[in-house]
Amino acid sequence: RHKLPGTPPGENPNLEAFLKSHSYKTPSNEDIKLAAKDQNMEVREVETWIRRRQRERLPSKLNKFKESFWRFIFYTFAFSYGISILWKENYFWDTRYCWVGFPELTWAMKKSIYYYYLMEASFYLSLMVTQFFDTKRKDFWEMFIHHIATLSLIGFSYYNGTYRIGSLVMATHDISDIFLEGSKLAVYSKLKNVANFGFACFALSWLLARIMYYPYRLLYSYVYQCHVRSHARVRGPCARVWLCFALC
83 RHKLPGTPPG ENPNLEAFLK SHSYKTPSNE DIKLAAKDQN MEVREVETWI RRRQRERLPS
143 KLNKFKESFW RFIFYTFAFS YGISILWKEN YFWDTRYCWV GFPELTWAMK KSIYYYYLME
203 ASFYLSLMVT QFFDTKRKDF WEMFIHHIAT LSLIGFSYYN GTYRIGSLVM ATHDISDIFL
263 EGSKLAVYSK LKNVANFGFA CFALSWLLAR IMYYPYRLLY SYVYQCHVRS HARVRGPCAR
323 VWLCFALC
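Residue numbers for the sequence shown follow the numbering used here, beginning at 83 and rising by one.
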(Lines of atoms letter the chains of each structure in order from A and count residues from 1; the text may use other names and numbers.)
(Lines give C-alpha, C1' and ligand atoms only; values in the text may rest on other atoms or scores of the structure.)
Protein backbone atom coordinates (compact mmCIF):
# COMPACT_ATOMS: atom_id res chain seq x y z
CA ARG A 1 0.00 0.00 0.00
CA HIS A 2 1.18 3.47 -0.91
CA LYS A 3 0.67 6.13 1.69
CA LEU A 4 -1.14 9.19 0.38
CA PRO A 5 0.87 12.43 0.70
CA GLY A 6 -0.20 14.82 3.42
CA THR A 7 -1.71 14.26 6.83
CA PRO A 8 -5.52 14.23 6.94
CA PRO A 9 -7.16 16.70 9.34
CA GLY A 10 -8.71 15.35 12.50
CA GLU A 11 -12.47 15.50 12.94
CA ASN A 12 -13.65 18.82 14.28
CA PRO A 13 -17.35 19.59 13.65
CA ASN A 14 -17.03 23.17 14.85
CA LEU A 15 -14.13 24.01 12.55
CA GLU A 16 -15.88 22.14 9.75
CA ALA A 17 -18.95 24.34 10.17
CA PHE A 18 -16.71 27.42 10.40
CA LEU A 19 -14.91 26.56 7.14
CA LYS A 20 -18.16 25.62 5.41
CA SER A 21 -19.60 29.05 6.30
CA HIS A 22 -16.73 30.52 4.27
CA SER A 23 -17.48 28.18 1.32
CA TYR A 24 -14.28 26.26 2.14
CA LYS A 25 -12.19 29.27 1.16
CA THR A 26 -9.41 30.57 3.40
CA PRO A 27 -10.96 32.85 6.06
CA SER A 28 -9.46 36.18 7.03
CA ASN A 29 -6.86 36.38 9.80
CA GLU A 30 -9.37 37.98 12.15
CA ASP A 31 -11.88 35.16 11.61
CA ILE A 32 -9.19 32.55 12.18
CA LYS A 33 -8.16 34.22 15.43
CA LEU A 34 -11.78 34.22 16.64
CA ALA A 35 -12.20 30.57 15.66
CA ALA A 36 -8.98 29.66 17.50
CA LYS A 37 -10.20 31.46 20.60
CA ASP A 38 -13.59 29.69 20.47
CA GLN A 39 -11.91 26.28 20.02
CA ASN A 40 -9.24 26.86 22.65
CA MET A 41 -6.58 26.25 20.02
CA GLU A 42 -3.53 28.04 18.74
CA VAL A 43 -3.95 30.13 15.60
CA ARG A 44 -1.32 28.04 13.84
CA GLU A 45 -3.23 24.85 14.68
CA VAL A 46 -6.41 26.25 13.13
CA GLU A 47 -4.52 27.37 10.02
CA THR A 48 -2.95 23.93 9.67
CA TRP A 49 -6.31 22.22 10.06
CA ILE A 50 -7.87 24.48 7.40
CA ARG A 51 -5.06 23.84 4.92
CA ARG A 52 -5.31 20.07 5.38
CA ARG A 53 -9.10 20.16 5.04
CA GLN A 54 -8.91 22.23 1.87
CA ARG A 55 -6.30 19.88 0.43
CA GLU A 56 -8.51 16.91 1.28
CA ARG A 57 -11.38 18.44 -0.72
CA LEU A 58 -9.30 18.80 -3.87
CA PRO A 59 -10.05 16.17 -6.53
CA SER A 60 -7.51 13.39 -6.49
CA LYS A 61 -5.34 12.60 -9.48
CA LEU A 62 -7.30 9.39 -10.00
CA ASN A 63 -10.59 11.30 -10.16
CA LYS A 64 -9.08 13.76 -12.62
CA PHE A 65 -7.84 10.84 -14.73
CA LYS A 66 -11.27 9.23 -14.78
CA GLU A 67 -12.95 12.50 -15.76
CA SER A 68 -10.48 13.18 -18.57
CA PHE A 69 -10.69 9.57 -19.76
CA TRP A 70 -14.49 9.77 -19.99
CA ARG A 71 -14.30 13.01 -21.96
CA PHE A 72 -11.55 11.63 -24.18
CA ILE A 73 -13.73 8.63 -25.04
CA PHE A 74 -16.75 10.82 -25.77
CA TYR A 75 -14.94 13.36 -27.94
CA THR A 76 -13.19 10.61 -29.89
CA PHE A 77 -16.45 8.75 -30.51
CA ALA A 78 -18.45 11.92 -31.26
CA PHE A 79 -15.87 13.23 -33.72
CA SER A 80 -15.50 9.84 -35.41
CA TYR A 81 -19.26 9.45 -35.70
CA GLY A 82 -19.67 13.00 -36.98
CA ILE A 83 -16.99 12.62 -39.65
CA SER A 84 -18.38 9.22 -40.71
CA ILE A 85 -21.84 10.65 -41.42
CA LEU A 86 -20.67 13.99 -42.84
CA TRP A 87 -18.03 12.50 -45.13
CA LYS A 88 -20.71 11.39 -47.61
CA GLU A 89 -22.52 14.74 -47.61
CA ASN A 90 -21.80 17.27 -50.34
CA TYR A 91 -21.96 20.18 -47.88
CA PHE A 92 -19.02 18.67 -45.98
CA TRP A 93 -16.82 19.50 -48.98
CA ASP A 94 -18.62 22.63 -50.16
CA THR A 95 -20.44 24.70 -47.53
CA ARG A 96 -22.65 26.32 -50.18
CA TYR A 97 -24.70 23.12 -50.21
CA CYS A 98 -25.65 23.81 -46.58
CA TRP A 99 -28.22 26.24 -47.91
CA VAL A 100 -29.63 24.35 -50.88
CA GLY A 101 -33.35 23.98 -50.21
CA PHE A 102 -33.20 26.15 -47.11
CA PRO A 103 -35.55 26.87 -45.41
CA GLU A 104 -38.20 24.89 -47.33
CA LEU A 105 -36.55 21.48 -46.77
CA THR A 106 -35.48 21.94 -43.17
CA TRP A 107 -37.86 19.13 -42.19
CA ALA A 108 -35.78 16.62 -44.17
CA MET A 109 -33.27 16.03 -41.36
CA LYS A 110 -31.54 12.67 -41.62
CA LYS A 111 -31.72 10.33 -38.64
CA SER A 112 -27.93 10.16 -38.43
CA ILE A 113 -27.73 13.96 -38.02
CA TYR A 114 -30.57 13.85 -35.49
CA TYR A 115 -28.70 11.27 -33.42
CA TYR A 116 -25.56 13.40 -33.67
CA TYR A 117 -27.44 16.40 -32.29
CA LEU A 118 -29.04 14.29 -29.55
CA MET A 119 -25.67 12.88 -28.49
CA GLU A 120 -23.95 16.26 -28.31
CA ALA A 121 -26.84 17.94 -26.48
CA SER A 122 -27.09 15.09 -23.96
CA PHE A 123 -23.37 15.27 -23.23
CA TYR A 124 -23.29 18.98 -22.49
CA LEU A 125 -26.52 18.75 -20.51
CA SER A 126 -24.95 16.05 -18.34
CA LEU A 127 -21.85 18.22 -17.80
CA MET A 128 -24.00 21.15 -16.76
CA VAL A 129 -26.06 19.10 -14.28
CA THR A 130 -23.19 17.11 -12.75
CA GLN A 131 -21.29 20.34 -12.03
CA PHE A 132 -23.53 20.84 -9.01
CA PHE A 133 -22.62 17.43 -7.56
CA ASP A 134 -18.90 17.28 -8.36
CA THR A 135 -16.17 19.09 -6.50
CA LYS A 136 -16.73 22.80 -7.08
CA ARG A 137 -13.84 24.29 -9.01
CA LYS A 138 -12.62 27.83 -9.60
CA ASP A 139 -14.06 28.01 -13.12
CA PHE A 140 -17.49 26.72 -12.06
CA TRP A 141 -19.53 29.67 -13.36
CA GLU A 142 -17.41 30.10 -16.49
CA MET A 143 -18.00 26.48 -17.47
CA PHE A 144 -21.67 26.72 -16.50
CA ILE A 145 -22.12 29.69 -18.85
CA HIS A 146 -20.17 27.79 -21.53
CA HIS A 147 -22.51 24.80 -21.28
CA ILE A 148 -25.58 27.07 -21.40
CA ALA A 149 -24.24 28.80 -24.52
CA THR A 150 -23.43 25.45 -26.17
CA LEU A 151 -26.87 24.00 -25.47
CA SER A 152 -28.52 27.23 -26.65
CA LEU A 153 -26.53 27.09 -29.87
CA ILE A 154 -27.42 23.45 -30.51
CA GLY A 155 -31.10 24.09 -29.81
CA PHE A 156 -31.08 27.27 -31.89
CA SER A 157 -29.64 25.58 -34.97
CA TYR A 158 -32.04 22.62 -34.56
CA TYR A 159 -35.05 24.94 -34.26
CA ASN A 160 -34.04 27.00 -37.32
CA GLY A 161 -33.20 23.99 -39.44
CA THR A 162 -29.55 25.03 -39.84
CA TYR A 163 -28.42 21.57 -38.81
CA ARG A 164 -26.08 21.15 -41.77
CA ILE A 165 -23.81 24.01 -40.76
CA GLY A 166 -24.47 23.12 -37.11
CA SER A 167 -23.13 19.59 -37.52
CA LEU A 168 -19.98 20.98 -39.14
CA VAL A 169 -19.53 23.35 -36.19
CA MET A 170 -19.82 20.49 -33.68
CA ALA A 171 -17.27 18.34 -35.51
CA THR A 172 -14.90 21.31 -35.79
CA HIS A 173 -15.02 21.92 -32.05
CA ASP A 174 -14.65 18.26 -31.03
CA ILE A 175 -11.34 17.51 -32.72
CA SER A 176 -9.14 19.77 -30.56
CA ASP A 177 -10.79 18.50 -27.37
CA ILE A 178 -9.58 14.99 -28.19
CA PHE A 179 -5.94 16.10 -28.03
CA LEU A 180 -6.57 18.23 -24.93
CA GLU A 181 -8.05 15.39 -22.90
CA GLY A 182 -5.48 12.93 -24.23
CA SER A 183 -2.69 15.26 -23.11
CA LYS A 184 -4.21 15.48 -19.65
CA LEU A 185 -4.26 11.69 -19.43
CA ALA A 186 -0.56 11.64 -20.33
CA VAL A 187 0.19 14.25 -17.64
CA TYR A 188 -1.66 12.24 -14.98
CA SER A 189 0.21 9.12 -16.13
CA LYS A 190 3.56 11.01 -15.92
CA LEU A 191 4.29 10.49 -19.62
CA LYS A 192 5.99 13.81 -20.25
CA ASN A 193 6.96 13.28 -23.90
CA VAL A 194 3.50 12.02 -24.81
CA ALA A 195 1.93 14.98 -23.00
CA ASN A 196 4.15 17.48 -24.83
CA PHE A 197 3.32 15.89 -28.17
CA GLY A 198 -0.38 15.91 -27.31
CA PHE A 199 -0.37 19.57 -26.35
CA ALA A 200 1.45 20.40 -29.59
CA CYS A 201 -1.26 18.56 -31.54
CA PHE A 202 -3.90 20.36 -29.51
CA ALA A 203 -2.40 23.77 -30.34
CA LEU A 204 -2.12 22.89 -34.03
CA SER A 205 -5.67 21.51 -34.25
CA TRP A 206 -7.01 24.57 -32.40
CA LEU A 207 -5.24 26.88 -34.85
CA LEU A 208 -6.44 25.03 -37.95
CA ALA A 209 -9.98 24.18 -36.83
CA ARG A 210 -11.09 27.08 -34.64
CA ILE A 211 -8.93 29.99 -35.77
CA MET A 212 -8.82 29.28 -39.51
CA TYR A 213 -11.47 26.82 -40.75
CA TYR A 214 -14.23 27.90 -38.38
CA PRO A 215 -14.37 31.65 -39.07
CA TYR A 216 -13.22 31.60 -42.70
CA ARG A 217 -15.45 28.72 -43.83
CA LEU A 218 -18.30 28.19 -41.39
CA LEU A 219 -19.03 31.70 -40.13
CA TYR A 220 -18.54 33.03 -43.65
CA SER A 221 -21.01 30.45 -44.93
CA TYR A 222 -23.60 31.36 -42.28
CA VAL A 223 -23.28 35.11 -42.73
CA TYR A 224 -22.83 35.33 -46.51
CA GLN A 225 -23.61 32.10 -48.36
CA CYS A 226 -26.91 31.59 -46.51
CA HIS A 227 -28.25 34.87 -47.92
CA VAL A 228 -26.91 34.27 -51.43
CA ARG A 229 -28.11 30.68 -51.79
CA SER A 230 -31.46 30.74 -50.01
CA HIS A 231 -32.56 34.41 -50.20
CA ALA A 232 -34.26 33.72 -46.87
CA ARG A 233 -33.78 34.89 -43.33
CA VAL A 234 -33.21 32.62 -40.40
CA ARG A 235 -36.14 32.64 -38.00
CA GLY A 236 -35.79 34.78 -34.90
CA PRO A 237 -34.83 38.39 -34.19
CA CYS A 238 -31.22 39.36 -34.97
CA ALA A 239 -30.46 35.69 -35.57
CA ARG A 240 -27.15 36.18 -37.33
CA VAL A 241 -25.80 38.61 -34.76
CA TRP A 242 -26.94 36.37 -31.89
CA LEU A 243 -25.36 33.30 -33.41
CA CYS A 244 -22.04 34.98 -34.17
CA PHE A 245 -21.93 36.34 -30.61
CA ALA A 246 -22.67 32.90 -29.13
CA LEU A 247 -20.13 31.12 -31.34
CA CYS A 248 -17.35 33.59 -30.56
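By construction, the Cβ of each residue, glycine as well, lies at the ideal position given by its N, Cα and C atoms.
Can you look up residue i in the DSSP assignment and give me helix, strand or coil?
{"i": "Lys170", "result": "coil"}
{"i": "Met123", "result": "coil"}
{"i": "Gly280", "result": "helix"}
{"i": "His228", "result": "helix"}
{"i": "Thr130", "result": "helix"}
{"i": "Asp113", "result": "helix"}
{"i": "Phe156", "result": "helix"}
{"i": "Thr177", "result": "helix"}
{"i": "Val211", "result": "helix"}
{"i": "Ala190", "result": "coil"}
{"i": "Val384", "result": "In this structure the chain extends from 83 to 330, so residue 384 is not present and cannot be described."}
{"i": "Tyr196", "result": "helix"}
Locate the alpha helix (DSSP H) running through residue i, then write down its first and last residues.
{"i": "Thr254", "result": "Tyr245 to Tyr270"}
{"i": "Ser103", "result": "Pro95 to Ser103"}
From the options, pick the residue whose C-alpha is nearest to that of residue i; which is it?
{"i": "Ser166", "options": "Ser194, Tyr295, Phe156 and Tyr302", "result": "Ser194"}
{"i": "Val128", "options": "Pro297, Ile230, Asp176 and Asn96", "result": "Asn96"}
{"i": "Gln213", "options": "His229, Ile257, Met191 and Glu202", "result": "His229"}
{"i": "Trp169", "options": "Cys308, Cys283, Leu250 and Tyr106", "result": "Leu250"}
{"i": "Tyr306", "options": "Trp181, Glu93 and Ile236", "result": "Trp181"}
{"i": "Leu331", "options": "Arg135, Ser303 and Phe222", "result": "For the chain, the structure presents residues 83 to 330; residue 331 sits outside this window and is missing."}
{"i": "Asn122", "options": "Pro109, Arg133 and Asn94", "result": "Asn94"}
Do you know how far the Cα of residue j is from the Cα of residue i?
{"i": "Ser287", "j": "Asn278", "result": "14 Å"}
{"i": "Leu200", "j": "Tyr240", "result": "10 Å"}
{"i": "Lys119", "j": "Met210", "result": "41 Å"}
{"i": "Ser234", "j": "Phe174", "result": "23 Å"}
{"i": "Arg178", "j": "Cys308", "result": "8 Å"}
{"i": "Leu273", "j": "Pro185", "result": "50 Å"}
{"i": "Thr282", "j": "Val276", "result": "Residue identity check: residue 282 is Ala in the sequence provided, not Thr. Going from the Cα of Ala282 to the Cα of Val276 covers about 10 Å."}
{"i": "Gly92", "j": "Ala291", "result": "50 Å"}
{"i": "Asp216", "j": "Trp223", "result": "13 Å"}
{"i": "Glu263", "j": "Phe159", "result": "13 Å"}
{"i": "Glu202", "j": "Tyr196", "result": "10 Å"}
Quick check: does the Cβ of residue i come within less than 8 Å of any heavy atom belonging to the ligand COA?
{"i": "Tyr270", "result": "In terms of ligand content, the structure shown is empty, and the ligand COA therefore cannot be addressed."}
* Asked: Does the pairing of the segment 110-117 with the segment 137-157 give three or more beta-carbon distances under 8 Å?
  -> No contact exists between the segment 110-117 and the segment 137-157.
* Counting pairs of Cβ atoms below 8 Å between the segment 147-157 and the segment 262-273, do you hit three or more? -> Taking 8 Å as the limit for Cβ pairs, the verdict is that the segment 262-273 does touch the segment 147-157.
* Asked: Can at least three beta-carbon pairs, one atom from the segment 290-303 and one from the segment 252-260, be found at a separation below 8 Å?
  -> Yes, the segment 290-303 touches the segment 252-260.
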